Structures are given as structure tokens and as C-alpha cells.
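Trainee:
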Amino acid sequence: MMFFIGILNVENYPVHEEQLNTLRQSLKYRTRLKYKSNDKYKVEFAKTVIEYFVNNQDLSLVIKKVPYPNTGQLNNPSFASLSYQKINFYKELLDDMLSTNKIPSKIITKYQSINGPSGIFNSKFQSETNKDFEAKVTYNSNLLQMASFLCSSIASDVRKVARVSKKVEVTNYLKSLLNIDSFNTNMDNGKIIIKI
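With the numbering used here applied, the sequence shown has no gaps in its numbers, which climb one by one up to 196 at the end.
1. With C-beta atoms as the reference, is G6 less than 8 Å away from V49?
2. Which term fits L33, buried or exposed, when burial requires 16 or more other beta carbons within 10 angstroms of its beta carbon?
3. Verify whether the separation of the beta carbon atoms of L8 and A147 is less than 8 Å.
4. If you pair each beta-carbon of the segment 167 to 187 with each one of the segment 140 to 156, do three or more pairs fall below 8 Å?
5. Keeping to the same chain, check which residues put their C-beta closer than 7 Å to that of N38; ignore five residues upstream and five downstream.
6. Measuring alpha carbon to alpha carbon, tell me which residue in R30, L94, L143, E128 is nearest F53.
7. Can you find the residues in the same chain that come closer than 7 Å, C-beta to C-beta, to Q145, ignoring five residues on each side of it along the sequence?
8. Start and end of the alpha helix (DSSP H) containing S37?
9. Tell me whether the beta-carbon of I192 lies closer than 8 Å to the beta-carbon of L177.
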């Protein structure tokens, strides 16, 4: 089994948060953007977010396939050591970003659990990666929602698991704007870097 981690590289973080919030308000979309959701109103906002990502030069995504531990879910508080393993996955991903010359000075990630990016885990992440680090509730960050949505769309295409028409539609829309047929191979088009 596999799962994917990703880093959305952003310049001018507050500006993009505000612009995405303006788009959200113009479409009257108040729900958190989640790939798992089958919300019928999601498609229009999801496509708007995808267009925003593709058309902004200072946004890029690096995503990496990593092995899923056999001993339990990484976000389960019972598996603190596996949470630390996630740090190593992110360190590898940051190393992969060296070739892009797009190394983030600050990392903002979703607040996960008691052993997620908070407390001891937060401090360890900062010391291990030497990055300014902040955990936020996903609901309060349009960019975190964008990053999670893009990663999930790509992961579903790689796994060939998307069956719901709305999910297939938004993933196909992302591929069409990027002018690609599939996310099944390593790629680096300057906008999205995928390490399979």
C-alpha cells in the first residue's frame, strides 16, 4: 500500500490566501474543499482553485509516493514513532526540492493530532528540517485546502481509484490544464513535480 505527501511551494502566502478567499466568496462556497467530499457544489470551486494554481507562476507542487507503514496509521496518536517517520518523508521531499531552486523558508501544515505538527513533533520537525514551521487548522487555510486537494487528485489518478464522476471530472480538468494524460510517471513540468 502507498500514500502521498506533498508540499505546495508558495510565494506571497498572505496574498494568495486573500485572493482564494475572494474567489470562494464570489462563488459562495463556504465548505472546506476536500477531495473526499461528494458535495455537488464542489466542482465549480475546485475548478476555480485548479485554474488559480495552474495560472500563478509563484505556486508549485512537489508530491512523493511513500510506503505506508504496516503497523498503523501515521496520524493515530498511538503511533508516535510513525509520526516521526513522517518527518523523514518530508525531509526527503525537501531534499528533492533542491533541484528546483524552490526551497520554502517556511512550512505551514495541517494540524493533525496530539502527535501531529504540534508540541514535541513541531519542535522535532523544525530542528530536523531547519525550517520555520507552523501548524494550522485546514479549515482556516485556503492554500492548505488547495495542497491537500491537488495531492489527493493526483494520488487517485495514480491509484486508479476514482469512481465518482465529480472526482474524475476535477482530476481530468487538472490534467487538461497541464496538458498531460496521466500522473502515473515521474514528472517535472515546473508546476508539478511527481516522484513515484
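Each residue gets a CB set at the ideal place from its N, CA and C atoms; glycine is no exception.
Only a predicted model underlies this, so the values are computations on that prediction, with no experimental measurement involved.
Mentor: With the given structure in hand:
1. Against the sequence shown, residue 6 aligns to sequence position 6. Against the sequence shown, residue 49 aligns to sequence position 49. The answer is no: Cβ separation not under 8 Å.
2. As a working note, residue 33 is residue 33 in the sequence shown. Buried, since its Cβ has 16 or more Cβ neighbours within 10 Å.
3. Numbered from 1 along the sequence shown, position 8 holds the residue referred to as residue 8. Numbered from 1 along the sequence shown, position 147 holds the residue referred to as residue 147. In contact: L8 and A147 (Cβ atoms closer than 8 Å).
4. yes
5. Position 38 of the sequence shown, counting from 1, holds the residue named residue 38. If we look at N38 and ignore the five residues flanking it on each side, its Cβ neighbours are V164, K166.
6. Against the sequence shown, residue 53 aligns to sequence position 53. Residue L143 is the option with its Cα nearest to F53.
7. As a position in the sequence shown, residue 145 is number 145, starting the count at 1. Once the five neighbours on either side are set aside, the close Cβ partners of Q145 are R32, L33, T138.
8. Residue mapping note: residue 37 aligns to position 37 of the sequence shown, counting from 1. It is not in any alpha helix (DSSP H) - S37 carries neither H nor E in the DSSP assignment.
9. As a working note, residue 192 is residue 192 in the sequence shown. As a working note, residue 177 is residue 177 in the sequence shown. Against a cut-off of 8 Å, the Cβ pair of L177 and I192 comes out as no contact.
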